[in-house]
Structure formats: C-alpha cells, structure tokens
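See below for the structure under consideration.
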Amino acid sequence: MLFDILNYIKREKFVSEQQLSRHFQTNSEVLNSILERLSKKNLIHQVPLKSNCMSACSTCFEKQIRYFALDHVHSS
C-alpha cells in the first residue's frame, strides 16, 4: 500500500488526507500511520496551508485538512 499511495500522490501532485482515505478506502488511523512513515523517510511532506479558508487567522486550524505532496527529490 505504501507504493500505491506514493504513486497516487505522484500522479495527483497534491492530495488531501481525505482524498487518500476515500481512494484507498481506509480509515484515518491507518492512513495516518502510513503518511507518518512516508514522511519520516522524506518521501512526502505536508503542504503548509494557513487555514481552510486561506485567511490569515488561525481559527480553523483545529479542523484543518492536511495536504501532502512528494518531496522534490522523489518527484521525478
């Protein structure tokens, strides 16, 4: 499943945790564990966003959707 997730991110360029969960039909706990592992291996990174509404305030941070992309070294 690790390689499937990497290939999906490579194909889509930029994906949310929810997209991955729907596509791979897995719960957030399992997916979180996989994303952590890929991140620790520097294969992917979380894309920093200010907030869901893209404003400067931090009110939405607690419910923020996480987005991921391949690290530049591994994107080719």
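Just so we're aligned: the sequence shown equals residues 950 to 1025 in our numbering.
We treat Cβ as the ideally placed atom computed from N, Cα and C, and that holds for glycine.
Bounding residues of the alpha helix (DSSP H) (the contiguous stretch that carries residue i)
i       : result
Ile-954 : 951 to 961
Val-968 : Per the sequence shown, residue 968 should be read as Gln rather than Val. 966 to 973 is the span of the alpha helix (DSSP H), which, as asked, contains Gln-968.
Lys-989 : 977 to 989
Contacts around residue i, its chain only, beta-carbon distance under 7 Å, and the 5 residues preceding and following it disregarded
i       : result
Ile-958 : Val-964, Ile-993, Phe-1017, Ala-1018, Leu-1019
Lys-962 : Ala-1018
His-972 : Tyr-957
Supposed contact pair residue j and residue i - C-beta distance, whole angstroms, cut 8 Å
i       : j       : result
Ser-982 : Glu-966 : Actually they do not touch by this definition, with Cβ atoms about 12 Å apart.
N-terminal and C-terminal residue of the beta strand (DSSP E) that residue i is part of
i       : result
His-994 : 993 to 996
Beta carbon of residue i nearer than 8 Å to that of residue j
i       : j       : result
Leu-984 : Ser-970 : no
Ile-954 : Leu-998 : no
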